[in-house]
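Every letter in the sequence shown is one number past the one before it in full-length UniProt numbering, and letter 247, counting from 1, is 259. Just so you know, even glycine gets a beta-carbon here, dropped at the ideal spot from N, CA and C. This report concerns only the one structure given below.
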Amino acid sequence: PRGGAFAAVDLGASSGRVMLVRVGPDRLDLREVHRFPNRPVRMGPTLHWDIPALYRGVLDGLREAGRITGGWLDGVGIDSWAVDHGLLDADGVLLGNPVHYRDGRVEGTAEKVAAVLPPERLYASTGLQHLPFNTIYQLTAARGGAAWSAARQVLLIPDLISYWLTGEAGTELTNASTTQLIDPRTRNWSREVADALDIDLGLFPPLRRPGDPAGELLPHVLAETGLTGPVSVIAVGSHDTASAVVGVPATGDGTDPRFGYIATGTWSLAGLELPGPVLTEESRLANFTNELGVDGTVRYLRNIMGLWLLQECLRTWEAEDGGAPDLAGLLAAADRAEPLRSVVDAGDETFITPGDMPARITEACRRTGWPVPRGRAETVRCVLDSLALAHRRALADASRLSGRGIDVVHVVGGGARNEPLCRLTAEACGLPVVAGPAEAAALGNALVQARAAGAVTGGLFELRSLLRAGLPLRHHEPVGGTGPWRRAEERLHG
Ligand code: LFR
Numbered sequence: 013p014r015g016g017a018f019a020a021v022d023l024g025a026s027s028g029r030v031m032l033v034r035v036g037p038d039r040l041d042l043r044e045v046h047r048f049p050n051r052p053v054r055m056g057p058t059l060h061w062d063i064p065a066l067y068r069g070v071l072d073g074l075r076e077a078g079r080i081t082g083g084w085l086d087g088v089g090i091d092s093w094a095v096d097h098g099l100l101d102a103d104g105v106l107l108g109n110p111v112h113y114r115d116g117r118v119e120g121t122a123e124k125v126a127a128v129l130p131p132e133r134l135y136a137s138t139g140l141q142h143l144p145f146n147t148i149y150q151l152t153a154a155r156g157g158a159a160w161s162a163a164r165q166v167l168l169i170p171d172l173i174s175y176w177l178t179g180e181a182g183t184e185l186t187n188a189s190t191t192q193l194i195d196p197r198t199r200n201w202s203r204e205v206a207d208a209l210d211i212d213l214g215l216f217p218p219l220r221r222p223g224d225p226a227g228e229l230l231p232h233v234l235a236e237t238g239l240t241g242p243v244s245v246i247a248v249g250s251h252d253t254a255s256a257v258v259g260v261p262a263t264g265d266g267t268d269p270r271f272g273y274i275a276t277g278t279w280s281l282a283g284l285e286l287p288g289p290v291l292t293e294e295s296r297l298a299n300f301t302n303e304l305g306v307d308g309t310v311r312y313l314r315n316i317m318g319l320w321l322l323q324e325c326l327r328t329w330e331a332e333d334g335g336a337p338d339l340a341g342l343l344a345a346a347d348r349a350e351p352l353r354s355v356v357d358a359g360d361e362t363f364i365t366p367g368d369m370p371a372r373i374t375e376a377c378r379r380t381g382w383p384v385p386r387g388r389a390e391t392v393r394c395v396l397d398s399l400a401l402a403h404r405r406a407l408a409d410a411s412r413l414s415g416r417g418i419d420v421v422h423v424v425g426g427g428a429r430n431e432p433l434c435r436l437t438a439e440a441c442g443l444p445v446v447a448g449p450a451e452a453a454a455l456g457n458a459l460v461q462a463r464a465a466g467a468v469t470g471g472l473f474e475l476r477s478l479l480r481a482g483l484p485l486r487h488h489e490p491v492g493g494t495g496p497w498r499r500a501e502e503r504l505h506g
């Protein structure tokens, strides 16, 4: 293997970035070449993604990457948040800006789906946790609309970007698993679910697996980005969480990988990497998901509200103040505030939609009999304690339901930079936390490309050893007992 230069496009719910990642048998370095905001926009009653702005950000990033390498790239890979999609008409033209999963259109669709496919059967067939915005609910909401009758193809967000770059359509498997139309045992479409919901699977282009070729940049894309062709697009774990878990610098060798992970960003995704799904009724009731990962793995995890709670508080305060609040100051004040004074259930669906988060936190504390936070520092403390508590609970549940022990917790993604959050998570779990890399998704994206392009070889263990060698990681030992956390958990969840 000779190494190479890869562009990893990683679109998150609050920002997108293009990283230039150089990977070789004993080399891994990454450089952020372009970062751009992801600002959803409400048009009429509906919350949309500003997909043209995101696509422009991708093109700008590729141009910048090419400027650094002299026009040459060994691969391009795209990952983004899951679940959402665009509809294409018979000419391959996008029918309206994709709808944001936090939009209210899915209200009431879970009941419709449950009426034809009971939740027990849906879980037994797909292993997916109930999230009110899973693709099947969005498709249920979209049906009946004018765009739907003109739609000839459904493309998930990374596949849509890839289609514009290459002219070739495919459905990448790890992200497809979040549609709730995939059977995690066969790692293929579930006819049973599609038939029951009357969804035409022919709307989805053929499945691709991470590492599969996904086309070459079109001539006009080369012209616009200044890149020298041919440039291959390579399918990666196109669900950002799939790529982020490839980017976990774990040491387990695959036979006894006793690590838990928390991919933190807008969401916290806390769980385990398993060789196969857990589809028990107990697992369904605990709302655990079996998303498909790279190299035949399963991500057994629970979605926790994540830093969205903090982001929405900040947005509310910014509107009040007419300027951005001082985040570092708030985090420091929260760190000094009384521990575990109040906590909320960070899995509570009432936090999903955008809006006044401090008010919703106050309301949740009142409802459950916890003291109401007095001011911003205590609100932020409540968010951090609540996230750490939810991390503890998710990892303990994952371990119990799968029968696999955990010796160490890896915190990756943007939240790895949040020192108090990592420290509180170590304390709550009673386990050492290794924090970093913050850019796990982009790194996991690039590593899968690099292997497909022959720049490196090996399985997840070998890919991860490059991360361990190449990146600064922070270690947090659990200090203090888990007693207060156990008591808070009992009080909150009974
Ligand atoms: C994280 C993530 C989660 C998914 C949520 C919505 O960015 O991809 O894994 O549940 O966004 O798509």
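Which of the three DSSP states is assigned to Val395 in this structure?
helix
Below 8 Å on the Cβ atoms is my contact criterion, and I expect Arg393 with Ala336 to pass it. Report the Cβ-Cβ distance as a whole number of Å.
Incorrect: roughly 20 Å between the Cβ atoms, too far for contact.
Just curious, the beta strand (DSSP E) that Glu285 is in, first and last residue?
280-286
CA-to-CA distance, Val260 to Thr253, given in whole angstroms
11 Å
On a CA-only basis, which of Leu239, Asp224, Pro222, Leu401 is nearest Leu230? Give me that one, please.
Leu239
Val88 and Ala462: beta carbons closer than 9 Å?
no
Quick check on the burial criterion: 16 or more other C-beta atoms within 10 angstroms. Buried or exposed for Ser295?
buried
Pick out the complete alpha helix (DSSP H) segments inside the stretch 367-449, 4 residues or longer, and give them in chain order.
369-380, 388-414, 431-441
So what's Leu172 in DSSP terms, helix, strand or just coil?
helix
Let me check one thing: in DSSP terms, what residues is Tyr312 bridge-paired to?
Leu284, Asn302
Quick one: is the Cβ of Val95 within less than 8 Å of any heavy atom of ligand 1?
yes
Helix, strand or coil, according to DSSP, for Ile80 in the structure here?
helix
What's the gap between the Cα of Arg314 and the Cα of Met369?
21 Å
So, for Ala159: in the same chain, excluding its five sequence neighbours on each side, which residues have a beta-carbon less than 8 Å away from its beta-carbon?
Leu99, Leu107, Gly108
Under 9 Å between C-beta atoms of Leu143 and Ser189
no
Should the stretch 20-36 be called in touch with the stretch 65-81, which here means at least 3 C-beta pairs below 8 Å?
yes
Tell me, which residues are paired with Ala17 by DSSP?
Arg34
Pick from Thr328, Trp201, Ala458 that is closest to Ala247, judged by C-alpha positions:
Ala458
Cβ-heavy atom distance between Asn315 and ligand 1 below 8 Å?
yes
Locate the beta strand (DSSP E) running through Arg503, then write down its first and last residues.
Where Arg503 is concerned, there is no enclosing beta strand (DSSP E), although the alpha helix (DSSP H) it sits in stretches over 495-505.
Quick check: is any heavy atom of ligand 1 less than 8 Å from the C-beta of Leu106?
no
Grouping DSSP H, G and I as helix and E and B as strand, with all else coil, what is Ile246?
strand
Does the beta-carbon distance from Asp171 to Thr183 come in below 9 Å?
yes
Do Val290 and Leu413 have their C-beta atoms closer together than 9 Å?
yes
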